[in-house]
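Chemist:
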Amino acid sequence: MAVTAPNITLKINEIYLSLQGESTYAGLPCVFVRLTGCSLRCVWCDTAYAFYEGEDRGLEKVLEKVDSFGVKLVEVTGGEPLEQEGVYPLMESLLKKGYRVLLETSGAVDLGRVPRDVVKIMDIKCPGSNEEGRNLWDNLGKLVPGLDEIKFVLADRADYDYAKKVIQERSLAGKFTLLFSAAYEYLKPADLAEWITADRLPVRMQLQMHKYIWPEDTKGR
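Counting in the numbering used here, the sequence shown runs from 10 upward without gaps.
(1) What separation, rounded to the nearest whole angstrom, lies between the Cα atoms of tyrosine 193 and asparagine 16?
(2) Is the region 200-210 touching the region 172-189, taking contact as three or more C-beta pairs under 8 Å?
(3) Could you tell me how far apart the beta carbons of cysteine 135 and alanine 172 are, in whole angstroms, since I believe they sit closer than 8 Å?
(4) When DSSP labels each residue in this structure, what does serine 190 get in the three-state scheme?
(5) How would you label serine 180, buried or exposed, when you count the other beta carbons within 10 angstroms and need 16 or more for buried?
(6) How far does the beta strand (DSSP E) with aspartate 132 in it reach, from first residue to last?
(7) Taking 8 Å as the cut-off, does the region 56-66 touch the region 22-42 (at least 3 CB pairs, one atom from each stretch)?
(8) Straight-line CA distance for leucine 103 to glutamate 84?
(9) For the beta strand (DSSP E) containing threonine 114, name the first residue and the last one.
(10) Bridge partners for valine 85 per DSSP, in chain order?
(11) What span of residues does the beta strand (DSSP E) with aspartate 119 cover, start to end?
(12) By a C-beta neighbour count over all protein chains shown, 10 Å radius and 16 as the cutoff for buried, is glutamine 93 buried or exposed?
(13) Could you give the residue range of the beta strand (DSSP E) that holds serine 27?
(14) What would DSSP say about valine 162, mapped onto helix, strand or coil?
(15) Does the beta-carbon of alanine 167 have 16 or more other beta-carbons within 10 angstroms, so that it is buried, or is it exposed?
(16) Work out the CA separation of glycine 142 and aspartate 76 for me, nearest whole Å.
(17) Span of the beta strand (DSSP E) holding glutamate 64?
(18) DSSP puts glutamine 215 in a beta bridge; with which residues?
(19) What span of residues does the alpha helix (DSSP H) with alanine 35 cover, start to end?
(20) Taking only the alpha-carbon atoms, compute the straight-line gap between valine 71 and valine 153 and give it to the nearest angstrom.
(21) Exposed or buried, which one is aspartate 157 when buried takes at least 16 other CB atoms within 10 Å?
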């Protein structure tokens, strides 16, 4: 489908083809569009290089690059992609071109302008991230039940107990796919698996697949 992209520029850190490492789309070939910039500083962040590094690219050029991979699953990520105004026409353009669009977002920016058909994979920051205070709780009312996903990255047992409490107090079970990730090199996956099964918690445990496949300092993974 031909799409005319408006004259918009985005600061892009990288665009690459890899396997989706997280969410219910894990394991699928996916094009990643990583935008530069993030105002959060999570302790366990693995993409600090995206805070500042990047180059300006026109929206048309971004779409051409995505098209060149021939894969119809695309994730818009960062950094925090919603901190760039150009991300909204980017998502709209990708949808119009027939892509399945995933958005990886911190939950610290209002989701009200994100197109409904974009699959929002939203973090809820736990205390171990040191960014718990940035959670924008009104965003829960802007997620689409049955479509969008909520991710908790857990660094320790305290984070697990916090996430469990949030799920219970905000009645999230059954509305959204709930993802529990063991922060790489912080929490042993076996410990997290044991806690989830002991509590019969209705969540999907996931590993950050890309970190187990490629070396830690590999970009474009």
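Ideal Cβ placement from N, Cα and C applies to all residues, glycine included. Just so it is clear, the structure is predicted and the values come from calculations on it, not from any experiment.
Modeler: Looking at the atomic coordinates:
(1) Residue mapping note: residue 193 aligns to position 184 of the sequence shown, counting from 1. Residue mapping note: residue 16 aligns to position 7 of the sequence shown, counting from 1. Near 40 Å, if we compare the C-alpha coordinates of asparagine 16 and tyrosine 193.
(2) yes
(3) The residue you call residue 135 lines up with position 126 of the sequence shown. The residue you call residue 172 lines up with position 163 of the sequence shown. At roughly 6 Å, the Cβ-Cβ gap stays under 8 Å, so cysteine 135 and alanine 172 are in contact.
(4) Position 181 of the sequence shown, counting from 1, holds the residue named residue 190. If DSSP states are grouped into helix, strand and coil, serine 190 belongs with the strands.
(5) For the purposes of this step, residue 180 is identified with residue 171 of the sequence shown, where counting begins at 1. Label assigned to serine 180: exposed.
(6) Numbered from 1 along the sequence shown, position 123 holds the residue referred to as residue 132. Element bounds for aspartate 132: 128-132.
(7) yes
(8) Here residue 103 refers to the residue found at position 94 when the sequence shown is read from its first residue. Here residue 84 refers to the residue found at position 75 when the sequence shown is read from its first residue. Cα to Cα, the separation comes out at about 10 Å.
(9) To locate residue 114, count along the sequence shown from 1; it is residue 105. Its beta strand (DSSP E) spans residues 109-114.
(10) The residue labelled residue 85 in the question sits at position 76 within the sequence shown. Valine 85 is bridged to Val42, Leu112.
(11) Here residue 119 is taken as the residue at index 110 of the sequence shown, counted from 1. Premise fails: aspartate 119 is in no beta strand (DSSP E) and is neither H nor E.
(12) Taking the sequence shown and counting its residues from 1, one reaches residue 93 at position 84. Its Cβ being crowded by 16 or more others within 10 Å, glutamine 93 is buried.
(13) The residue given as residue 27 occupies position 18 in the sequence shown. 18-28 is the extent of the beta strand (DSSP E) around serine 27.
(14) The residue you call residue 162 lines up with position 153 of the sequence shown. Note: valine 162 maps to strand in three-state DSSP.
(15) As a working mapping, residue 167 is identified with position 158 in the sequence shown. Alanine 167 comes out exposed.
(16) Indexing the sequence shown from 1 puts residue 76 at position 67. Indexing the sequence shown from 1 puts residue 142 at position 133. Approximately 38 Å, taken between the alpha carbons.
(17) Position 55 of the sequence shown, counting from 1, holds the residue named residue 64. It spans 64-67 - the beta strand (DSSP E) in which glutamate 64 sits, taken as one unbroken run.
(18) As a first step, residue 215 is located in the sequence shown; it is residue number 206 there, counting from the start. BP columns for glutamine 215 point to Ser190.
(19) As a first step, residue 35 is located in the sequence shown; it is residue number 26 there, counting from the start. Where alanine 35 is concerned, there is no enclosing alpha helix (DSSP H), given that its DSSP letter is neither H nor E.
(20) Looking up residue 71 in the sequence shown gives position 62. Looking up residue 153 in the sequence shown gives position 144. Distance between the alpha carbons of valine 71 and valine 153 is about 27 Å.
(21) Against the sequence shown, residue 157 aligns to sequence position 148. Per the 10 Å Cβ criterion, buried.
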